[in-house]
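Residue numbers (this note's numbering), protein chains in the order written: chain A, 1 to 400; chain B, 401 to 642. What follows is a short report on a single structure.
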Amino acid sequence: MIACVFIRDFAPSVERLAHPDLVGTPLLFVRYFKRKGKVVALSPDARAAGVDIGLFISRARALCPDGHVLPYQPDQYQGTIHSLLTSLWDFTNRIEVDRLQLPQSALCYLDLGRLPEAEVVPIGHQLMQVVQASTGLAASAGISVGKFPAYLAALTAQARQVMVVPRDDVTPLVAPFPVSLLPLTPAATRKLHLLCIHQLQQLAKLPISALVAQFGRPGRLWHQLAHGWDGRPVIPGQMPTTETLSRQFDDPVEDQQRLERTFQQMAEVLASRLEARSSAVHQLHLTIRLDGDKKCFERLYLLQPVSTVSGLVETLMQLIQRMTITRGIRGIEVCLAHRVPATPRQLPLFSDRSGRHPILDLVQTLTARYGQDYCFQAVLDERGSLLPESRFHLQRVEIS
Amino acid sequence: VSKSKPLQHTLWELQRRFGPQVVGLASAKRSTESIPTGFGALDEALSECGIARKHTTAFTGFPTSGMTTLALHVMANAQKHGEAVVYIDRDETFDGDYAARCGVDLSHLLLITPKKNALALQMTADIVAAQLAAVLVLDLISHHRPGNGQRSELAAMLHRTAPTLFKTHCALLLLLPPTADERLTARLHTQLLIERTAWLRHHHDVCGYRTQITILKDRGGAVPRQIELDIAFASVVEGGGT
């Protein structure tokens with residue numbers, strides 16, 4: 001199954017999240033080519049005013065005089081994309097980001113492998129929750145057998161909703177959508193327009209040989225997509241090689257116990273991230289920001305990679321002991337680098353007692369050796385009673 | 401200073417090549433392999449920040465000094481992680497109601513009442529060997545008389561059990577009367593002397609007691625010191641260090 005996570009109006013949403021005063025103002029994101037500005041992303045209210053992607057800035061301003069023009073800086077949104085990917089990598093490491101959709105919208109395809117039908121919807125809702133938690137943006141998700149039907153399902157679903165399209169329902173779903181959603185070239189778009197082919201169902205009715213004759217090899221793909229058949233695989237991007245976590249303090253930390261607690265909490269977060277990626281790290285970088293904007297930096301290369309909480313805490317303590325801390329600590333940043341796959345470990349196949357409490361095994365062991373006269377369990381009767389003997393009684397533990 | 405710099409450089413070089421765990425100061429070692437007592441002041445004073453797992457800890461003192469309360473708190477903290485706890489009640493003085501008020505989940509507590517000391521020691525060794533319990537309390541407060549040879553049996557059992565105990569995650573707690581037996585104290589990782597110093601009163605009623613804990617021994621390297629705790633007989637037993 002392929003899941004498609006779709007965030008509408010990505011750049012305007014991120015900008016409004018960072019600057020709430022821009023809410024209600026039409027936003028136009030402009031990229032300059034040879035000193036001429038072109039609109040690359042816009043908010044829905046700007047679109048309602050008639051502006052579209054690709055218009056020159058002068059034309060866009062004429063259509064939407066109230067629009068707030070912002071220069072598009074790709075680096076500004078990389079942090080949000082990174083947070084989005086970091087949260088999605090907990091589900092699978094096969095994630096493809098459709099860079100062509102940026103910055104107007106963010107589109108990610110996740111290869112979820114084979115999933116039982118009962119698990120599909122819960123996973124979709126979990127996807128929505130983690131996207132909301134990591135980026136603060138509302139997304140919609142579509143889950144289907146291919147990338148294209150999953151994308152159309154995500155387009156159809158409302159924000160924070162999941163739409164699952166089974167294999168049999170793919171063709172009816174795809175049929176009414178416009179052909180412009182296909183990966184067409186401008187020449188092909190124009191040719192289809194001249195042929196009065198506007199919807200995918202019209203394209204699907206054509207013989208495949210005619211499309212191949214007109215458009216060549218891409219025609220075959222478009223014909224398949226028009227039927228909802230999409231065999232294109234998810235092409236995963238590279239996972240980040242570093243993990244970074246930082247903490248800031250309102251009041252400077254001067255207490256060692258508080259510092260150790262912070263290290264413990266940070267190590268737990270980092271260890272959970274490493275566990276989710278099945279990896280360990282060779283390098284730890286620790287940056288401490290002291291009161292007065294002074295910074296201390298130390299790093300350590302480990303011959304044996306670490307991935308556990310205790311190992312990370314111990315290494316961080318070693319690193320901070322190398323520093324000369326003369327003032328209160330304002331901020332901590334931990335960066336884990338040189339990530340490698342974690343060493344395989346033995347699964348608890350034989351020690352797993354399927355949720356059985358160890359006390360029962362202990363009773364069984366003791367009963368076999370000493371009989372049933374010694375093992376008891378205290379059971380409360382009348383709590384707060386004036387008679388101590390009526391407050392509880394001992395009950396012999398028996399193994400059935 | 402001139403001598404310590406090359407040493408420091410060597411240490412860093414060793415850590416760089418083989419990882420930070422290979423060298424370190426013994427005094428700086430703070431293991432996470434411990435169970436908190438629930439009393440912050442006591443946890444801070446102990447080298448392991450709580451009761452050390454894989455080792456034997458003795459609470460020594462006279463009855464009503466707070467040993468059992470402390471042991472019940474340790475058991476309750478271990479149960480928070482779903483671990484099994486066992487109480488060997490040689491004295492048959494276990495109070496289920498008080499244990500529940502200390503936070504112990506009675507449904508997951510195994511109470512063992514052996515009739516003889518030798519049987520209690522044998523069961524202790526077996527429970528340690530089973531590697532299933534996280535906290536094992538051996539309550540011998542009233543059944544140890546000085547000079548009758550029982551301490552040597554206890555010391556021998558601890559000697560036999562120590563290698564097995566070190567392989568487990570079990571904390572073995574002994575509740576004993578005050579002792580100066582060297583054969584016994586040599587087997588202990590931590591020894592606390594617990595003494596009741598005063599009763600706490602609210603109007604004319606006794607509402608708790610103040611107890612003084614002296615760390616007689618701590619192999620982890622804590623400086624010997626004394627802590628005072630106030631233990632209140634409320635619906636929920638509370639204690640705060642001073």
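Glycine included, each C-beta is placed from N, C-alpha and C at the ideal position. None of these values were measured; they are calculated from a predicted model.
Check: Which residues in chain B sit within 7 Å of Val-375 (chain A), going by Cβ to Cβ distance?
Finding: By one-based count along the first sequence, residue 375 (chain A) stands at place 375. Contrary to the premise, residue 375 (chain A) reads as Cys rather than Val in this sequence. Going along chain B in sequence order, the residues near Cys-375 (chain A) (Cβ under 7 Å) are Leu-510 and Ile-512.
Next item on the list: Using beta-carbon positions only, say whether Val-528 (chain B) and Tyr-487 (chain B) come within less than 8 Å of one another.
Entry: If you number the second sequence from 1, residue 528 (chain B) lands on position 128. If you number the second sequence from 1, residue 487 (chain B) lands on position 87. No, these two residues do not count as a Cβ contact at 8 Å.
Next item on the list: Under 7 Å between beta-carbons, which chain D residues line up against Asp-497 (chain B)? List them in chain order, please.
Entry: The structure shown contains no chain D; its protein chains are A and B.
Notebook entry, point to check: Quick one: what's got a C-beta closer than 6 Å to Pro-436 (chain B)'s C-beta in the same chain, skipping five residues either side?
Noted result: Position 36 of the second sequence, counted from the start, is the residue given in the question as residue 436 (chain B). Only Asp-443, Gly-450 and Asn-477 meet the Cβ criterion.
Margin query: Taking 8 Å as the threshold (beta carbon to beta carbon), is Met-557 (chain B) in contact with chain A?
Written below: The residue you call residue 557 (chain B) lines up with position 157 of the second sequence. No, because no Cβ of chain A sits closer than 8 Å to the Cβ of Met-557 (chain B).
Item checked: Proximity to Asp-618 (chain B) [Cα-Cα], best of B:Arg-596, B:Ala-562 and B:Ala-586 -> Numbered from its first residue, the second sequence carries residue 618 (chain B) at position 218. Minimum Cα distance to Asp-618 (chain B) is reached at B:Ala-586.
Margin query: Going by DSSP in three states, Glu-542 (chain B) sits in which element: helix, strand or coil?
Written below: Working through the second sequence from its first residue, we reach residue 542 (chain B) at position 142. The sequence shown places Ser at residue 542 (chain B), rather than the Glu named in the question. Residue state, collapsed to three classes: coil.
Margin query: Does any residue of chain B have a CB that is nearer than 8 Å to the CB of Pro-358 (chain A)?
Written below: Counted from its first residue, the first sequence places residue 358 (chain A) at position 358. Yes, Pro-358 (chain A) lies at the interface with chain B (some Cβ there is under 8 Å from its Cβ).
Check: Within 10 angstroms of its Cβ, does Ser-465 (chain B) collect 16 or more other Cβ (buried), or is it exposed?
Finding: Reading the second sequence from its first residue, position 65 is the one you call residue 465 (chain B). Label assigned to Ser-465 (chain B): buried.
Note to self: Please tell me whether Ile-451 (chain B) has its Cβ less than 8 Å away from any Cβ of chain A.
What the structure shows: What you label residue 451 (chain B) is simply residue 51 of the second sequence in a count that begins at 1. Look at Ile-451 (chain B): its C-beta is not under 8 Å from any C-beta on chain A.
Checklist line | Extent of the continuous beta strand (DSSP E) to which Lys-295 (chain A) belongs | finding: Reading the first sequence from its first residue, position 295 is the one you call residue 295 (chain A). Where Lys-295 (chain A) is concerned, the enclosing beta strand (DSSP E) stretches over 294-306.
Checklist line | Buried versus exposed, by CB contacts within 10 Å (16 or more), Gly-311 (chain A) | finding: Counting from 1 along the first sequence, the entry for residue 311 (chain A) is found at position 311. Gly-311 (chain A) is buried by the Cβ-count criterion.
Notebook entry, point to check: Taking the alpha carbon of Arg-583 (chain B) as the point to measure from, which residue in B:Ala-555, B:Leu-414 and B:Arg-490 has its own alpha carbon closest?
Noted result: Your numbering for residue 583 (chain B) matches position 183 in the second sequence. Checked all of B:Ala-555, B:Leu-414 and B:Arg-490; the closest Cα to Arg-583 (chain B) is B:Ala-555.
Notebook entry, point to check: Can you name, in chain order, every residue of its own chain whose Cβ lies under 7 Å from the Cβ of His-198 (chain A), other than the five neighbours on each side?
Noted result: Translated into the one-based positions of the first sequence, residue 198 (chain A) becomes position 198. Hits under 7 Å: Pro-178 and Val-179.
Notebook entry, point to check: Cβ atoms of Gly-124 (chain A) and Ile-143 (chain A): under 8 Å apart, would you say?
Noted result: Translated into positions along the first sequence, residue 143 (chain A) becomes position 143. Translated into positions along the first sequence, residue 124 (chain A) becomes position 124. Cβ distance < 8 Å, so Ile-143 (chain A) and Gly-124 (chain A) count as in contact.
Margin query: Once DSSP output is grouped into helix, strand and coil, what is the label at Asp-250 (chain A)?
Written below: Within the first sequence, numbered from 1, the residue matching residue 250 (chain A) stands at position 250. Strand.
Item checked: Three-state class that DSSP yields for Gln-612 (chain B) in the structure shown -> As a first step, residue 612 (chain B) must be located in the second sequence, where it is residue number 212. Here Gln-612 (chain B) sits in strand by DSSP.
Note to self: Looking only at its chain, what residues have a beta carbon closer than 7 Å to the beta carbon of Ile-208 (chain A), apart from the 5 residues adjacent to it on each side?
What the structure shows: Here residue 208 (chain A) corresponds to residue number 208 of the first sequence, with the count starting at 1. Correct list, in chain order: Arg-220 and His-223.
Check: Can you pull the DSSP bridge partners for Thr-244 (chain A)?
Finding: The residue you call residue 244 (chain A) lines up with position 244 of the first sequence. Paired residues: A:Cys-335.
Item checked: Residue-chain proximity (Ile-541 (chain B), chain A), Cβ-Cβ < 8 Å -> What you label residue 541 (chain B) is simply residue 141 of the second sequence in a count that begins at 1. So, not an interface residue.
Check: Any idea if Tyr-374 (chain A) is buried or exposed, counting beta-carbon neighbours within 10 angstroms, 16 or more meaning buried?
Finding: Your numbering for residue 374 (chain A) matches position 374 in the first sequence. When all chains shown are included, Tyr-374 (chain A) counts as buried.
Margin query: Buried or exposed for Met-239 (chain A), going by 16 or more other Cβ atoms inside 10 Å?
Written below: Along the first sequence, read from residue 1 onward, the residue named residue 239 (chain A) stands at position 239. Met-239 (chain A) comes out exposed.
Notebook entry, point to check: Taking Cβ-Cβ distances shorter than 7 Å, what residues in chain A pair up with Phe-459 (chain B)?
Noted result: On the second sequence, residue 459 (chain B) is found 59 positions in, with the first residue counted as 1. None at all; the shortest Cβ gap to chain A is about 21 Å.
Item checked: alpha helix (DSSP H) runs contained entirely in the segment 449-537 of chain B, provided each spans 4 or more residues -> Listed in chain order, the complete alpha helix (DSSP H) runs (minimum 4 residues) inside the segment 449-537 of chain B are 467-479, 496-501 and 517-530.
Next item on the list: Determine, using beta-carbon pairs with one atom in the segment 265-275 of chain A and one in the segment 360-376 of chain A, whether at least three such pairs fall under 8 Å.
Entry: No contact exists between the segment 265-275 of chain A and the segment 360-376 of chain A.
Margin query: Please return the same chain residues whose Cβ sits closer than 8 Å to the Cβ of Arg-391 (chain A), not counting the five positions on each side in sequence.
Written below: By 1-based counting over the first sequence, the position of residue 391 (chain A) is 391. Contacts found: Leu-380, Asp-381, Glu-382, Arg-383, Gly-384 and Ser-385.
Next item on the list: Could you check what DSSP says for Phe-566 (chain B) in three-state terms: helix, strand or coil?
Entry: Position 166 of the second sequence, counted from the start, is the residue given in the question as residue 566 (chain B). Phe-566 (chain B) falls in the helix class under three-state DSSP.
Check: What does Met-523 (chain B) touch in chain A if you count any residue whose Cβ is under 9 Å from its own?
Finding: Residue numbering aside, residue 523 (chain B) sits at position 123 when the second sequence is read from its first letter. Residues of chain A passing the Cβ test: Leu-366, Arg-369, Tyr-370 and Tyr-374.
Checklist line | Rounded distance between the beta-carbons of Thr-568 (chain B) and Ile-594 (chain B), thought under 8 Å | finding: By one-based count along the second sequence, residue 594 (chain B) stands at place 194. By one-based count along the second sequence, residue 568 (chain B) stands at place 168. So it is not a contact: roughly 25 Å between Cβ atoms.
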